[in-house]
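> To start, I am sharing the structure in question, which I have written as structure tokens.
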Amino acid sequence: MEVIEKINEIKMFRLKLTEPVGFVPTMGYLHQGHLSLIRRSRAENLSVVISIFVNPTQFGSGEDFDSYPRDTECDLALLEKEGADVVFMPSAREIYPPQFDSWVVVDKLAQRLEGANRPGHFRGVATVCAKLFNIVKPTRAYFGQKDAQQVAVIKKMISDLNMNLKIITLPTVRESDGLAISSRNSYLNHKERQAATILYRALTLTQKLWSEGERDARRLRQEMTSLLKKEPLAKIDYVSIADRETLSELAQIISPALASLAVKIGSTRLIDNIVLR
Ligand code: PAF
10 MEVIEKINEI
20 KMFRLKLTEP
30 VGFVPTMGYL
40 HQGHLSLIRR
50 SRAENLSVVI
60 SIFVNPTQFG
70 SGEDFDSYPR
80 DTECDLALLE
90 KEGADVVFMP
100 SAREIYPPQF
110 DSWVVVDKLA
120 QRLEGANRPG
130 HFRGVATVCA
140 KLFNIVKPTR
150 AYFGQKDAQQ
160 VAVIKKMISD
170 LNMNLKIITL
180 PTVRESDGLA
190 ISSRNSYLNH
200 KERQAATILY
210 RALTLTQKLW
220 SEGERDARRL
230 RQEMTSLLKK
240 EPLAKIDYVS
250 IADRETLSEL
260 AQIISPALAS
270 LAVKIGSTRL
280 IDNIVLR
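Each residue of the sequence shown is one higher than the last, beginning at 10 in this note's numbering.
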């Protein structure tokens, strides 16, 4: 497995890779969610490229860029075992040299939900993904459904800017009690970890009400909100029942909808979602 830090070197190495090329962009601190993406990429492609880059431009001021968990040694050992062909691990200066001045902005879709709560977040995500796609030129890139809006924004960028790759989305990987696996779970202390199950419990409640025939999106938001309020450590950022594609809030559910939420457990902000269909 090659580990490459420079853009011109990975571009050269890319020329030698056998097509099709699968790509899994990550911010490192790899967990079972990432491994499911890497394994699918391995199964569907003849070459697999992984990037590890904690992208500073997608973190707002006061967010956790400095404290974001990092463990390169462990990540590289895992990737070697999973059969990655090459790991691209650029520095921030390599991706954003001093005169860097071009940004990719997906407009309306990126202003909702996470975008409304984390201004500039998707500008950072879209820009770094566009750069990584241009550098790696993958046939397919793999993302987890846990970051549902990220997937929607990236798909929109690819379609609007005629980028030549396919996005594959894989289901959220969960702990046995339903908590969506995330690098940020490592911030939770024991009590917070127990409290964090409230996110999936709220989504499960919505799923149940929807299966029983409830289509009033306001009622579903209310039910999730009241359940979340029962957990003293939880502070709601948003609770949403939105159109799956546009992410605009629904009154009635008539087509597949995305039930999503962002909740702070102590000082750790967690997100999760399910699709109602
Ligand atoms: O989901 C992530 O880990 C990041 O947002 C991504 C896609 C690697 C871009 O920095």
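Glycine residues also receive a C-beta, built at the ideal position from the N, C-alpha and C atoms.
Roughly how many angstroms lie between the CA atoms of residue 225 and residue 269, to the nearest whole one?
Here residue 225 refers to the residue found at position 216 when the sequence shown is read from its first residue. Here residue 269 refers to the residue found at position 260 when the sequence shown is read from its first residue. Whole-angstrom Cα-Cα distance: 15 Å.
> Taking residue 271 as part of the beta strand (DSSP E), name the residues at either end of that continuous run.
Residue mapping note: residue 271 aligns to position 262 of the sequence shown, counting from 1. Start and end: 266 to 274.
> For residue 278, which beta-bridge partners are listed by DSSP?
For the purposes of this step, residue 278 is taken as the residue at position 269 of the sequence shown. Residue 278 is bridged to 273.
> Excluding sequence positions up to five away, which residues of its chain have a Cβ less than 8 Å from the Cβ of residue 230?
The residue you call residue 230 lines up with position 221 of the sequence shown. So the qualifying residues of the chain are 248, 249 and 250.
> Looking only at its own chain, which residues have a Cβ that is under 7 Å from the Cβ of residue 180, when we skip the five neighbours before and after it?
As a working mapping, residue 180 is identified with position 171 in the sequence shown. 154.
> Return yes when the C-beta of residue 83 is under 7 Å from any heavy atom of the ligand PAF, and no when it is not.
Here residue 83 refers to the residue found at position 74 of the sequence shown. Not under cutoff, so the answer is no.
> Below 8 Å, how does it come out for the segment 39 to 48 and the segment 73 to 91: are there three or more Cβ pairs, yes or no?
Flag = yes, the segment 39 to 48 and the segment 73 to 91 touch.
> From the DSSP output, in three-state form, read off residue 151 for me.
Translated into the one-based positions of the sequence shown, residue 151 becomes position 142. Note: residue 151 maps to strand in three-state DSSP.
> Consider the C-beta atom of residue 41 and the heavy atoms of the ligand PAF; say whether any pair is separated by less than 7 Å.
Here residue 41 refers to the residue found at position 32 when the sequence shown is read from its first residue. No - the ligand PAF has no heavy atom lying nearer than 7 Å to the Cβ of residue 41.
> The ligand PAF and residue 158: does the residue's C-beta get closer than 7 Å to at least one heavy atom of that ligand?
By one-based count along the sequence shown, residue 158 stands at place 149. Result no, Cβ not under 7 Å from the ligand PAF.
> May I ask you to report which of helix, strand or coil DSSP gives residue 31?
Here the question's residue 31 lines up with position 22 in the sequence shown. Residue 31: strand per DSSP, three-state reduction.
> Who are the near neighbours of residue 174 in its chain, counting only those whose CB is closer than 7 Å to its CB and skipping five residues on each side?
On the sequence shown, position 165 is the one that residue 174 refers to. If we look at residue 174 and ignore the five residues flanking it on each side, its Cβ neighbours are 142, 147, 148, 149, 150 and 167.
> Between residue 233 and residue 256, how many whole angstroms is the CB-CB distance? I'm expecting something under 8 Å.
For this step, residue 233 is matched to residue 224 along the sequence shown. For this step, residue 256 is matched to residue 247 along the sequence shown. Between residue 256 and residue 233 the Cβ distance is about 17 Å, and since that is not below 8 Å, they are no contact.
> Residue 129 to residue 178, Cα distance in whole Å?
Mapped onto the sequence shown, residue 129 falls at position 120. Mapped onto the sequence shown, residue 178 falls at position 169. Cα to Cα, residue 129 sits roughly 23 Å from residue 178.
> Determine the closest residue to residue 70 out of 284, 237, 273 and 126, with distance taken between C-alpha atoms.
By 1-based counting over the sequence shown, the position of residue 70 is 61. The shortest C-alpha separation from residue 70 is found at 126.
> Within the present structure, is the beta-carbon of residue 1 separated from the nearest heavy atom of the ligand PAF by less than 7 Å?
Outside the shown range of the chain (10 to 286) lies residue 1, about which nothing can therefore be said.
> Is the Cβ-Cβ distance between residue 66 and residue 124 less than 8 Å?
Taking the first residue of the sequence shown as position 1, residue 66 is located at position 57. Taking the first residue of the sequence shown as position 1, residue 124 is located at position 115. Their beta carbons are not under 8 Å apart, which means residue 66 does not touch residue 124 by this criterion.
> Within the continuous beta strand (DSSP E) that includes residue 60, where are the two ends?
Your numbering for residue 60 matches position 51 in the sequence shown. It spans 56 to 61 - the beta strand (DSSP E) in which residue 60 sits, taken as one unbroken run.
> Compute the Euclidean distance between the alpha carbons of residue 11 and residue 104, then round it to the nearest angstrom.
Taking the sequence shown and counting its residues from 1, one reaches residue 11 at position 2. Taking the sequence shown and counting its residues from 1, one reaches residue 104 at position 95. About 19 Å.
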